[in-house]
Amino acid sequence: MRVLGVSAHFHTAAAALIDNGRVVGAAAEERFTRVKHDPIFPERTIAWLLDEAGVRGADLDRVVFYEQPHVKFTRVLASTLSTFPRHHRSFGSAMKRWLGDRLWTTNKLSRILDVHPDRVGVVVHHRSHASQAFVGSGYDESAILTLDGVGEWDTTGLGHGRIRDGALELNVLETHRYPDSLGLFYAAFTTFLGFRANSEECSTMALATFGEPRYAPVVRQILKVGTDGSYRFDNSWFDFVSLGQAPFTKKLISALGPPRTPGMPLPFESFRMPGAEPVAPTEDHQRYADIAASAQLVLEEAILGLAKRAARLTGCSRLCLSGGVALNCVATARLLEETPFEHIWIPPDPGDGGAALGAVQHVLGEHGQLGAEARSIGPYLGRSYDPTPTLDMLTHMGPDSWSAYRQPGLPPPEAYTLSVERLSGDEAGLIARTVDDLLAGRIVGWFQGGFEFGPRALGNRSLLAHPARVETALKLSTRVKARAPFRPYAFSIAEAHALRAFPQWSDGIPAMARWMQVVVPVSAAVHDQVRATLHIDGTTRPQVVAASDNPRYHKLLTAFGQQTGLAALLNTSFNARGEPIVSSPDEALMVFARTDLDTLVLGDAILRKVYS
Ligand SMILES: [Fe+2]
2 MRVLGVSAHF HTAAAALIDN GRVVGAAAEE RFTRVKHDPI FPERTIAWLL DEAGVRGADL
62 DRVVFYEQPH VKFTRVLAST LSTFPRHHRS FGSAMKRWLG DRLWTTNKLS RILDVHPDRV
122 GVVVHHRSHA SQAFVGSGYD ESAILTLDGV GEWDTTGLGH GRIRDGALEL NVLETHRYPD
182 SLGLFYAAFT TFLGFRANSE ECSTMALATF GEPRYAPVVR QILKVGTDGS YRFDNSWFDF
242 VSLGQAPFTK KLISALGPPR TPGMPLPFES FRMPGAEPVA PTEDHQRYAD IAASAQLVLE
302 EAILGLAKRA ARLTGCSRLC LSGGVALNCV ATARLLEETP FEHIWIPPDP GDGGAALGAV
362 QHVLGEHGQL GAEARSIGPY LGRSYDPTPT LDMLTHMGPD SWSAYRQPGL PPPEAYTLSV
422 ERLSGDEAGL IARTVDDLLA GRIVGWFQGG FEFGPRALGN RSLLAHPARV ETALKLSTRV
482 KARAPFRPYA FSIAEAHALR AFPQWSDGIP AMARWMQVVV PVSAAVHDQV RATLHIDGTT
542 RPQVVAASDN PRYHKLLTAF GQQTGLAALL NTSFNARGEP IVSSPDEALM VFARTDLDTL
602 VLGDAILRKV YS
């Protein structure tokens with residue numbers, strides 16, 4: 002059975018294709034349009050998937066959209082009309098979008114793919130999320146929590162899943178409906194704190210570490226968490242129809258003070274040079290951090306309550322999570338410690354992009370066709386490229402030709418020449434040379450294989466650096482990533498060394514540590530060796546790498562460990578500020594040209610800026 006899944010029109014559009022049990026691929030459209038979190042209909046991703054499988058649209062047995070457009074439309078209509086005429090502009094623009102395009106998504110899929118309308122269907126949004134959460138875990142039975150902003154009407158789902166003989170039994174036991182939404186709650190606070198909703202929630206989470214939750218009593222009036230694990234959201238504090246502009250009411254401002262102006266600098270630093278004096282925060286700066294800490298704490302209380310309720314209702318020892326809220330890896334870390342669940346799984350892309358794959362898994366489950374590949378989902382599902390044309394192009398151009406592309410605001414480029422080393426067939430040499438560069442404090446762009454599905458760079462589209470060298474991490478923040486100093490980095494570590502950094506996992510390394518999904522304390526014994534990757538509270542969000550997960554990346558970590566004693570590298574996503582993670586070799590080369598990235602490893606070749 003050949004099934005294509007599609008998500009679009011809200012947040013990070015994506016598509017996924019499974020062809021007779023083989024996962025052909027899955028990718029977010031942003032990687033092709035180069036617009037971060039692009040919600041546009043994913044035509045380019047679909048074209049790549051069909052090409053990769055060597056089929057035409059008409060050859061597809063089923064095409065599924067990840068939610069029910071007509072049901073979602075009723076929610077949009079009801080919520081925008083409920084405040085009419087106060088938000089008549091929001092109403093007008095919503096109707097234009099929906100009546101002109103979104104309502105007819107299944108017709109569009111049928112038309113552009115040349116698939117008979119009978120073969121185009123929809124899956125309920127939270128069932129797409131639940132399938133995405135559970136099926137790829139490899140578990141036969143599990144409790145399931147789906148936590149997002151909103152689908153059609155549902156915002157939270159608590160369920161139970163079982164797979165028998167390739168067939169999926171999915172029972173949704175309880176739901177919360179709009180506007181009772183944990184995702185919208187956290188997005189609203191993200192906007193209040195001057196960050197972009199549905200995009201920069203990770204900044205709210207990082208800022209929370211610098212604060213005290215002294216506003217928690219106010220926030221608990223907004224999100225009321227019951228002792229039975231239920232929660233209620235009081236929407237008199239927010240105006241969700243305007244979400245993305247100013248969703249908070251006067252009531253909220255009188256309780257918490259004025260919101261932060263977007264772009265206002267924050268003085269907090271997750272790390273600094275030894276001996277450097279911290280900048281003291283103003284009263285307002287500290288208030289923002291305290292509000293972030295309060296919203297984070299109450300979100301954690303709600304998620305913990307739901308998880309404990311799921312354990313009681315299902316009796317399961319395993320839990321699968323999805324929905325954008327599952328990306329809050331400080332909250333999900335507490336599930337490991339404070340709930341009865343012994344095993345917790347979050348797919349590599351738990352958000353709406355990943356729900357395109359979930360919709361495919363749901364259809365296969367209905368037909369009893371869930372095979373081994375669909376049940377064991379890793380992150381390396383994106384397109385791979387041959388870098389040879391890009392390398393050949395370099396014989397015709399070099400630093401002289403690309404200096405015009407350099408990011409504005411960076412200091413003038415040092416005089417450097419470009420060295421290109423092709424090491425096909427010499428993987429040991431490639432790894433040894435890369436380790437030399439990392440030891441020398443150079444920042445390395447590491448581009449290998451297919452790109453990752455989901456928001457994390459996990460060793461195929463990564464920027465790497467020595468994890469102990471604070472000066473290198475600062476250069477990475479200021480001259481490559483343009484990243485706010487309060488946001489910490491993280492590290493990848495080879496499995497064999499993981500217990501030295503995380504002795505608390507002596508009974509087993511949690512699955513969430515495979516794809517950077519859990520924030521945990523790092524043993525003080527290795528702090529000096531990874532000091533550039535730690536948050537201010539001594540935690541990190543690790544990727545524990547097994548050889549079977551990513552063989553070449555594992556070899557690189559291991560070789561670095563042979564030189565330093567700890568097989569760990571600072572790992573952050575390979576992108577410039579505001580852009581999606583790079584997809585193609587040309588895009589990687591462009592970041593190399595525009596920024597102070599020192600070395601670019603493109604497949605089997607090493608490009609270096611050689612400074613005079
Ligand atoms: Fe969702």
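According to this note's numbering, the sequence shown is numbered sequentially starting from 2. Even for Gly, the Cβ is constructed at its ideal location relative to N, Cα and C. Please read these numbers as outputs of a predicted model, since none were measured by experiment.
Beta-carbon within less than 6 Å of residue i's beta-carbon, same chain only, minus the 5 sequence neighbours each way: which residues are those?
{"i": "Ser-111", "result": "Pro-118, Val-121"}
{"i": "Lys-225", "result": "Arg-233"}
{"i": "Arg-319", "result": "Tyr-140, Ser-143, His-344"}
{"i": "Arg-609", "result": "Ser-420, Thr-600"}
{"i": "Val-72", "result": "Glu-153"}
{"i": "Pro-388", "result": "Pro-586, Leu-603, Gly-604"}
{"i": "Ala-290", "result": "Leu-208, Phe-211, Gly-212"}
{"i": "Thr-473", "result": "Gly-442, Ala-466, His-467"}
{"i": "Gly-160", "result": "Ala-131, Ile-145, Asn-172, Val-173, Leu-174"}
{"i": "Thr-176", "result": "Asp-155, Gly-158"}
{"i": "Gly-162", "result": "Phe-135, Ser-143, Ile-145, Leu-171"}
{"i": "Ser-463", "result": "Trp-447, Asn-572, Phe-575"}
{"i": "Leu-61", "result": "Arg-3, Leu-5, Val-116"}
{"i": "Arg-484", "result": "Ser-478"}
Any heavy atom of ligand 1 inside 7 Å of the beta-carbon of residue i?
{"i": "Asp-155", "result": "no"}
{"i": "Asp-538", "result": "no"}
{"i": "His-38", "result": "no"}
{"i": "His-126", "result": "yes"}
{"i": "Asp-387", "result": "no"}
Does the separation of the CB atoms of residue i and residue j fall below 8 Å?
{"i": "Pro-543", "j": "Ala-491", "result": "yes"}
{"i": "Gly-55", "j": "Val-116", "result": "no"}
{"i": "Pro-123", "j": "Thr-107", "result": "Sequence check: residue 123 is Val here, not Pro. Yes; because the gap between Cβ atoms is below 8 Å, this pair is in contact."}
{"i": "Thr-559", "j": "Ala-568", "result": "yes"}
{"i": "Ser-271", "j": "Pro-489", "result": "yes"}
{"i": "Val-136", "j": "Gly-372", "result": "no"}
{"i": "Val-151", "j": "Leu-114", "result": "no"}
{"i": "Phe-42", "j": "Ala-15", "result": "no"}
{"i": "Ile-269", "j": "Leu-253", "result": "Checking the sequence, you will find Phe at residue 269 rather than Ile. Not closer than 8 Å, so no."}
{"i": "Phe-487", "j": "Leu-194", "result": "no"}
{"i": "Ile-47", "j": "Phe-190", "result": "no"}
{"i": "Gly-562", "j": "Ala-495", "result": "yes"}
{"i": "Val-187", "j": "Ala-296", "result": "The sequence as given places Tyr at residue 187; Val does not occur at that position. Contact: yes."}
{"i": "His-12", "j": "His-38", "result": "yes"}
{"i": "Ile-432", "j": "Leu-314", "result": "no"}
{"i": "Trp-346", "j": "Ala-512", "result": "yes"}
{"i": "Glu-202", "j": "His-126", "result": "no"}
Sorted by chain position, which residues of the same chain lie with C-beta nearer than 8 Å to residue i's C-beta, five sequence neighbours on each side aside?
{"i": "Gln-370", "result": "Met-2, Gly-22, Gly-167"}
{"i": "Val-611", "result": "Tyr-417, Thr-418, Leu-419, Ser-420"}
{"i": "Asn-236", "result": "Pro-180"}
{"i": "Arg-165", "result": "Asp-141"}
{"i": "Gly-227", "result": "Arg-233, Gly-306"}
{"i": "Arg-376", "result": "Val-136, Gly-137, Ser-138, Gly-139, Ile-164"}
{"i": "Thr-250", "result": "Ser-237, Trp-238, Phe-239, Asp-240"}
Taking its Cβ as the centre, do 16 or more other Cβ atoms sit within 10 Å of residue i, making it buried, or is it exposed?
{"i": "Asp-350", "result": "buried"}
{"i": "Ser-80", "result": "buried"}
{"i": "Gly-93", "result": "exposed"}
{"i": "Pro-248", "result": "buried"}
{"i": "Gly-245", "result": "Because the pLDDT of Gly-245 is 48, which lies under 50, any placement of that residue in the model is unreliable, and the number read from its coordinates should be weighed accordingly. When all chains shown are included, Gly-245 counts as exposed."}
{"i": "His-397", "result": "exposed"}
{"i": "Ala-526", "result": "exposed"}
{"i": "Gly-539", "result": "exposed"}
{"i": "Ala-502", "result": "buried"}
{"i": "Pro-218", "result": "exposed"}
{"i": "Arg-63", "result": "buried"}
{"i": "Ala-277", "result": "exposed"}
{"i": "Ala-606", "result": "buried"}
Leaving out five residues on either side along the sequence, give the residues of the same chain with a beta carbon under 7 Å from the beta carbon of residue i.
{"i": "Gly-258", "result": "Arg-288"}
{"i": "Pro-348", "result": "Gln-133, Ala-134, Gly-137, Ser-323, Gly-355, Ile-378"}
{"i": "Arg-76", "result": "Glu-153, Trp-154, Tyr-179"}
| said: I want to know whether the region 347-366 touches the region 5-19 - three or more CB-CB distances under 8 Å. | reply: yes
| Contact the region 165-181 vs the region 382-392: 3+ CB pairs below 8 Å | no
| said: Does the contact criterion of 3 or more C-beta pairs under 8 Å hold for the region 437-448 versus the region 531-546? | reply: no
| Meets three-Cβ-pair contact criterion under 8 Å: the region 254-265 and the region 478-496 | no
| said: Under 5 Å, CB to any heavy atom of ligand 2. Which residues pass, going along the chain? | reply: As far as ligands go, the structure on display features ligand 1 and does not contain ligand 2.
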